[in-house]
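Engineer:
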Amino acid sequence: MKEPSVTQTRTEKKRAQIRAAAKQLFLRHGFQATSTDAIAAAASTSKETLYRYYAKKEDLFVDVLHSLTIERFFWAQLMERSTEPENTQELRVLLRTTAQGILETMMQPEYLAILRLIVAELPRFPELGTLFRQTVPEQGFNYFLTLLRSGQRNGVVREHIDPPTVARMFLGTVLTYALLDGLMQNMQAPQIPDPGAIDTFVDHMMDMISTRKTE
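Letter by letter, the sequence shown follows residues 1272 to 1486 in the working numbering.
1. Going by C-alpha to C-alpha distance, which of V1333, A1313 and P1435 sits closest to I1389?
2. Could you check which residue in L1386, K1318, E1319 and V1428 has the C-alpha nearest to that of Q1456?
3. Are there three or more Cβ pairs, one per stretch, closer than 8 Å when the stretch 1458-1473 is compared with the stretch 1431-1440?
4. With DSSP collapsed to three states, give me the class of S1481.
5. Let me make sure I understand the geometry here. Which of L1418, Y1448, E1357 and V1427 has the alpha-carbon closest to that of A1438?
6. Which runs of the alpha helix (DSSP H), 4 residues or longer, sit entirely within the stretch 1388-1470?
7. Is the stretch 1353-1371 in contact with the stretch 1409-1423, if contact means three or more CB pairs nearer than 8 Å?
8. Identify, in the order they occur along the chain, each residue of the same chain with its Cβ nearer than 6 Å to the Cβ of T1305, setting aside the five sequence neighbours on each side.
9. Rounded to whole angstroms, how far is the Cβ of A1313 from the Cβ of A1292, which I believe are closer than 8 Å?
Have a look at this one:
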């Protein structure tokens, strides 16, 4: 494996330094009240350097979202998993892994704090809603949609189901945990569902979509 160059390493460190400073300021003051001047000062860098990495504040906010979602180890692992279930056992494993990955991503305290920030600032900055949708919601939806369609081609998922509708049912159920047991918990720690609850949910999904093909 090729080792990263010194320049690449320095660039990544500087980007991470700016992103970490921005994340703390966004969480403390909100998107609107956080200026690029404040971010540059908190990151101990110049505005010129900041703009070399991020053309505008929205780009930096997207990078913060990515660091809390797509770049997380368990989310990256999920996105790299096969979406081609060959039998019902593989389908069940993929359903459970998907539910677990989304829950672990969305129940992070910092992610929930960013979500509260987005909800609060959405009337003034509607583009924040679009930026949020492009992370976990859309990526999770598209991944699950591909999984269902692959399962139908392989005879593992029932032909008569409508993948977009089932994908919304799946994600909608998972999102209720993030909403009721995370976002609405205020100062309490997010309550990630226990493994048994996830297993029960997956069992119900299997009853609805699986062909129960003999293996």
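For every residue, glycine included, the Cβ atom is placed at its ideal position computed from N, Cα and C.
Structural biologist: Here's the rundown:
1. Here residue 1389 refers to the residue found at position 118 of the sequence shown. That would be V1333, whose Cα lies nearest to the Cα of I1389.
2. For the purposes of this step, residue 1456 is taken as the residue at position 185 of the sequence shown. Among L1386, K1318, E1319 and V1428, the Cα nearest to that of Q1456 is on L1386.
3. Output reads no: the stretch 1431-1440 does not touch the stretch 1458-1473.
4. In the sequence shown, residue 1481 corresponds to position 210, counting from 1. Under the three-state reduction of DSSP, S1481 is assigned to strand.
5. Position 167 of the sequence shown, counted from the first residue, corresponds to residue 1438. Of the listed residues, the one whose Cα sits closest to A1438 is L1418.
6. Counting only runs of 4 or more, we get 1398-1404, 1407-1424 and 1434-1451.
7. Yes: at least three Cβ pairs fall under 8 Å.
8. The residue labelled residue 1305 in the question sits at position 34 within the sequence shown. Non-local beta-carbon contacts of T1305 in its own chain, meaning distances under 6 Å to residues more than five positions away in sequence, involve L1296 and F1297 in chain order.
9. Locating residue 1313 in the sequence shown gives position 42, where the first residue counts as 1. Locating residue 1292 in the sequence shown gives position 21, where the first residue counts as 1. Beta-carbon to beta-carbon, A1313 and A1292 are separated by about 4 Å, close enough to satisfy the 8 Å threshold.
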